[in-house]
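Each residue of the sequence shown is one higher than the last, beginning at 1 in the UniProt record's numbering. All residues carry an ideal CB built from backbone N, CA and C; glycine is no exception. As the structure is a prediction and not an experimental result, all values here were calculated from the model.
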Amino acid sequence: MSLRKQTPSDFLKQIIGRPVVVKLNSGVDYRGVLACLDGYMNIAIEQTEEYVNGQLKNKYGDAFLRGNNGKMYILSKPHLHVVFQNFRKKL
Numbered sequence: 001m002s003l004r005k006q007t008p009s010d011f012l013k014q015i016i017g018r019p020v021v022v023k024l025n026s027g028v029d030y031r032g033v034l035a036c037l038d039g040y041m042n043i044a045i046e047q048t049e050e051y052v053n054g055q056l057k058n059k060y061g062d063a064f065l066r067g068n069n070g071k072m073y074i075l076s077k078p079h080l081h082v083v084f085q086n087f088r089k090k091l
């Protein structure tokens with residue numbers, strides 16, 4: 001079985017319209033549906049929820065996150081269980 005190599009751009013195109021979690025360097029998480037992004041990693045999210053320290057703080061209809069917010073991790077829902085499993089192993 002051969003696996004097709006995928007560029008980051010290909011991956012991001014595939015998850016548009018899917019639930020994502022965007023983790024900023026500040027520790028704030030934004031969860032919602034990925035609407036679009038550009039080459040500068042500016043991200044538009046719909047049905048956005050803001051989480052601080054794991055607790056829901058605000059709900060927004062749409063949110064725009066600038067790509068210069070430090071480190072950004074975009075996680076699509078199918079990949080979240082892997083991240084959480086790896087996190088638990090470190091505890």
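Expected contact under 8 Å - CB spacing of residue i and residue j to nearest Å
i	j	result
GLU49	GLY32	6 Å
LEU34	ARG18	6 Å
LEU65	ILE45	7 Å
TYR40	GLY61	That belief does not hold up - the Cβ atoms of TYR40 and GLY61 are roughly 23 Å apart, past 8 Å.
Residue i burial status per 10 Å Cβ neighbour count (16 or more: buried)
i	result
LEU56	exposed
PRO8	exposed
VAL21	buried
ASP29	buried
Min CB distance residue i to chain B below 8 Å
i	result
VAL52	Considering every chain present, this structure includes no chain B. It has just one protein chain.
Inset, instruction - Run through the UniProt domain "Sm" (7-79) for me and flag every whole beta strand (DSSP E) of 3 or more residues, listed as ranges in chain order. - result: 19-24, 29-37, 43-52, 55-65 and 72-76
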